[in-house]
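Report on the structure given below.
Protein chains: 2
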Amino acid sequence: MRLRIDLAYDGGGFYGWAKQPTLRTVQGEIEDALHKILRVPTDPTSSEAQAEPLRLVVAGRTDTGVHASHQVCHVDVTPDTLARAVGHMDVPPTVALTRRLQRILPPDITIRTITPAPDGFDARFSALERTYVYRIADRSSEVDPRMRGFVLHIDDDLDIAAMNAAAAMTIGLHDFGSFATPNPGGTTIRDVKIAYWRRIPVRPLIDDVDAMGERYRTPAAESGLLCFTIVADAFARNMVRSLVNGCVQVGVGKRSLDWFASKMATPLREGSTGPIAPQGLTLEHIQYPPNDQLAARAEAIRAKRTL
Amino acid sequence: MRLRIDLAYDGGGFYGWAKQPTLRTVQGEIEDALHKILRVPTDPTSSEAQAEPLRLVVAGRTDTGVHASHQVCHVDVTPDTLARAVGHMDVPPTVALTRRLQRILPPDITIRTITPAPDGFDARFSALERTYVYRIADRSSEVDPRMRGFVLHIDDDLDIAAMNAAAAMTIGLHDFGSFATPNPGGTTIRDVKIAYWRRIPVRPLIDDVDAMGERYRTPAAESGLLCFTIVADAFARNMVRSLVNGCVQVGVGKRSLDWFASKMATPLREGSTGPIAPQGLTLEHIQYPPNDQLAARAEAIRAKRTL
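Protein sequences appear in the order of chains A and B. 1 is the number of the first residue of the first sequence in UniProt numbering; add one for each residue after it. 1 is the number of the first residue of the second sequence in UniProt numbering; add one for each residue after it.
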């Protein structure tokens, strides 16, 4: 059976999502925890481990230092293996597994829910769209050290109108070869649905005016930050951070909109189109189609590309 | 001359505000940086150091692990000493000092502004009110690991109505001896103006509906958290965290409202009224009177109490 896992993490302490032999990764931490809880040996020489390795398949493979406020992955387990999570708990096995995982995982990973996946669900290939947000504190923002782990500080004035003009050029089906790390054997053509820069409005943390009267009202912590929202069917490697870097170079006046347009027109990776720092980036959402279209979507995407 | 310094810090890496010989503190970091920039020797045997020690006076002396999104302090310097900040910069000395401090200080402290203080200004004694906010992720909130440094996770259901009934008992002039670390020679009588619990509304990060249409809209990061706002003339040591702990004990059903009322009625510190974890607490605001009342306020408060 297939389990859908919804989760969040602070990417600051991880070498990205994807498991690597000696580095701390999100996938590595969760797979290790699953093996412990479900008592599946990780030793590859064991016949049981070979029979049922617990391998996570993820919707958005985040890079080193990139966060997720809402990530989705799936794992296949046999009902017998899953039943080992229950122990003395009087709850369904997915609930028991959720609780045990939450208890065993480090505080920079949070498991939101674990549910039996509907038929045809594939965390990666069934996904319709991914939403990323990049947060920046520029010279017009108040810099709040509490949020420095997920907001990039740029001590400069940014021209938001110019940055939005650049962002608008990315919308539609394009080859993002200038703004992505090459993927041998894969494509860098992606369909960007939404891409815009906005200043987060300065709002009070609590709407209830009566409670405070004329007094100072604490603003929401993100008030006044600059943020980039981008939605696409999928993203090539380093694509969001490279686009943000391109927009910021336009925003500070270091590069022109013509430069940005030429990079979009001629897909060619070079030094000037590399990625910006990872800490400002968060994967915020994965959109899936209705349950009866999950399998068809996965089949179509599998045929179309290998990410 | 007196300088007013407005600043923010992530308290997670500090043993509180107040300077201590061998521990990392906010005051210690800033005073050390000021001594370096203004070339004032810290060696107490130097006659110059004795003549002009750079000592910060702060509005809200935060404890170990407590944050400030907006703290205020002051320091007295001679114009000659301040002039050393300018160097080759073509800006007023307070602007030069702001820039140099920002450059030299670690990333968990942010200097917002440094300005010549108006006549009669005393960061501590002129203050009218202090605002603190305590943030909690309970079972009704989404736990976001990116914010775990300034939000306390309580894996329980909290009865907000009961917690507000407790909070309401604190409003007015009371002896908070049950909810404060004793201060030999000082009083624990304080005047609480505002105290309430609210759930932070779930709001989209960006208001602009047109930009996203019917698509998923990323929520503001603090959406759905539970927060306690308290405003008082001043706070006794550990008072906010002890009140939060009392309210939370009522909220989870471990203690009754009668218990809370009895602790308010009979000021006596004991184990059950100790402070909750510091990481959820942030000093958000210091309110000062109009400039022409700064000196009178400071004089009145100095006469009334020694914190």
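All residues carry an ideal CB built from backbone N, CA and C; glycine is no exception.
Extent of the continuous alpha helix (DSSP H) run through residue i
i: ILE109/A; result: Looking at the DSSP string, ILE109/A is not in any alpha helix (DSSP H); the run it does join, the beta strand (DSSP E), is 109 to 116.
i: residue 308/B; result: Chain B is shown from 1 up to 307; residue 308/B falls before or after that span and cannot be answered.
i: LEU281/A; result: Counting along the chain, LEU281/A falls outside any alpha helix (DSSP H), though it belongs to the beta strand (DSSP E) covering 281 to 287.
i: LEU3/B; result: That residue, LEU3/B, is in no alpha helix (DSSP H); its beta strand (DSSP E) goes 2 to 9.
i: LYS304/B; result: 294 to 304
i: GLN249/B; result: 239 to 251
Top-ranked residue by Cα proximity to residue i, from the options
i: ASP157/B; options: GLY28/B, THR131/B, ASP108/B and VAL252/B; result: VAL252/B
i: residue 308/B; options: PHE176/B, LEU38/B and LYS254/B; result: The first residue shown for chain B is 1 and the last is 307, placing residue 308/B beyond what the model contains.
i: GLY271/B; options: GLU214/B, SER223/B, VAL250/B and GLY246/B; result: GLY246/B
i: ASP191/A; options: ASN183/A, GLY172/A, PRO204/A and ASP208/A; result: GLY172/A
i: LEU97/B; options: THR113/B, PRO106/B and ILE109/B; result: THR113/B
i: HIS174/A; options: LEU226/A, GLY120/A and ALA232/A; result: ALA232/A
i: residue 309/B; options: THR187/A, THR218/A, ARG199/A and ILE200/A; result: Shown here, chain B extends from 1 to 307; a query on residue 309/B therefore has no answer.
i: ASP108/A; options: ASP144/B, CYS73/B and THR25/B; result: ASP144/B
i: ARG61/B; options: THR131/B, ILE200/B and HIS35/B; result: THR131/B
i: THR187/A; options: ARG297/A, LEU205/A and PRO267/A; result: PRO267/A
i: SER242/B; options: PRO41/B, THR170/B and PRO106/B; result: THR170/B
i: ARG237/B; options: GLY274/B, ALA33/B and LEU205/B; result: GLY274/B
i: LEU152/B; options: ALA277/B, ASP122/B and VAL77/B; result: ALA277/B
i: CYS73/B; options: PRO53/B, ILE111/B, VAL250/B and ILE37/B; result: ILE111/B
i: VAL77/A; options: ALA296/A, THR282/A and LEU38/A; result: LEU38/A
i: residue 337/A; options: THR81/A, PHE260/A, TYR134/A and ILE136/A; result: Here chain A covers residues 1 to 307 and nothing more, so residue 337/A does not appear.
i: ASP63/A; options: LEU23/A, ARG99/A and VAL75/A; result: LEU23/A
i: ARG215/B; options: ARG198/A, HIS285/A and ARG103/A; result: HIS285/A
i: ALA117/A; options: ARG4/A, TRP197/A, LYS36/A and VAL26/A; result: ARG4/A
i: ARG146/A; options: ASN183/B, VAL244/B and PRO106/B; result: PRO106/B
i: ALA59/B; options: MET1/B, LEU294/B and ALA234/B; result: ALA234/B
i: VAL57/B; options: GLU31/B, THR81/B, LEU82/B and PRO79/B; result: GLU31/B
i: ALA298/B; options: LEU82/B, ALA123/B and VAL86/B; result: ALA123/B
i: ASP80/A; options: VAL40/A, THR115/A and ALA303/A; result: VAL40/A
i: residue 311/B; options: ALA265/B, VAL75/B, VAL240/B and LYS263/B; result: Shown here, chain B extends from 1 to 307; a query on residue 311/B therefore has no answer.
i: ARG203/B; options: VAL244/B, ALA220/B, GLN27/B and VAL75/B; result: ALA220/B
i: ILE230/A; options: VAL248/B, ILE200/B, ARG255/B and ILE206/B; result: ILE206/B
i: ALA33/A; options: LYS263/A, ALA265/A and VAL75/A; result: VAL75/A
i: ARG55/A; options: PRO184/A, GLN27/A and SER256/A; result: GLN27/A
i: ASP155/A; options: VAL244/B, ILE189/B, GLY280/B and ARG99/B; result: ARG99/B
First through last residue of the beta strand (DSSP E) which encompasses residue i
i: ALA232/A; result: 226 to 232
i: ASP258/B; result: Premise fails: ASP258/B lies in the alpha helix (DSSP H), 257 to 265, not in any beta strand (DSSP E).
heavy atom of the ligand SAM below 7 Å from residue i C-beta
i: LEU268/A; result: Absence of the ligand SAM is noted for the structure shown, with no ligands found whatsoever.
- Task: Pull out every residue of the stretch 115 to 135 of chain B whose Cβ sits closer than 7 Å to any Cβ of chain A, in chain order.
- Result: THR131 and VAL133
- Message: Counting beta carbon pairs with one atom in the stretch 85 to 92 of chain B and one in the stretch 14 to 27 of chain B, are three or more of them shorter than 8 Å?
- Response: No, because fewer than three Cβ pairs between the stretch 14 to 27 of chain B and the stretch 85 to 92 of chain B fall closer than 8 Å, the two stretches do not touch.
- Does the pairing of the stretch 288 to 300 of chain B with the stretch 160 to 174 of chain B give three or more beta-carbon distances under 8 Å? no
- Fully enclosed by the stretch 160 to 216 of chain B, which alpha helix (DSSP H) runs are 4 residues long or longer? 160 to 169 and 209 to 212
- Using a Cβ cut-off of 9 Å, which residues of the stretch 138 to 160 of chain A contact any Cβ in chain B, in chain order? GLU142, VAL143, ASP144, PRO145, ARG146, MET147, ARG148, GLY149, PHE150, HIS153 and ASP155
- Message: Is it the case that the stretch 179 to 188 of chain A contacts the stretch 133 to 142 of chain A, given that we only count it when at least three CB pairs across the two stretches are under 8 Å?
- Response: no
- Item | Completely contained alpha helix (DSSP H) runs for the stretch 67 to 127 of chain B, where each covers 4 or more residues | 79 to 83 and 93 to 104
- Contact residues within the stretch 220 to 232 of chain B, judged by C-beta distance below 7 Å to chain A: ALA220, ALA221, GLU222, CYS227, THR229 and VAL231
- Counting Cβ pairs closer than 8 Å, one from the stretch 120 to 129 of chain A and one from the stretch 213 to 227 of chain A, do we hit at least three? no
- Can you list the beta strand (DSSP E) stretches of 3 or more residues lying completely in the stretch 125 to 155 of chain B, in chain order? 129 to 137
- Item | Short-range partners of chain A found in the stretch 263 to 286 of chain B, where Cβ spacing is below 8 Å | THR282, GLU284 and HIS285
- Task: Specify whether the stretch 2 to 13 of chain A and the stretch 62 to 70 of chain A touch according to this definition: at least 3 beta carbon pairs, one from each stretch, less than 8 Å apart.
- Result: yes
- Item | Residues in the stretch 100 to 111 of chain B having any Cβ partner in chain A nearer than 7 Å | PRO107, ASP108, ILE109 and THR110
- Which residues, in order along the stretch 9 to 40 of chain B, keep a beta-carbon less than 7 Å from a beta-carbon of chain A? Cβ contacts with chain A: TYR9 and ASP10.
- Task: Compile a chain-ordered list of the residues in the stretch 55 to 72 of chain B whose CB is closer than 8 Å to at least one CB of chain A.
- Result: Of all residues in the stretch 55 to 72 of chain B, HIS67 and SER69 have a Cβ within less than 8 Å of some Cβ in chain A.
- In chain order, what residues of the stretch 182 to 216 of chain A put their CB closer than 8 Å to some CB of chain B? LYS193, ILE194, TYR196, ARG198, ILE200, PRO201, ARG203, LEU205, ILE206, ASP207, ASP208, ALA211, MET212, ARG215 and TYR216
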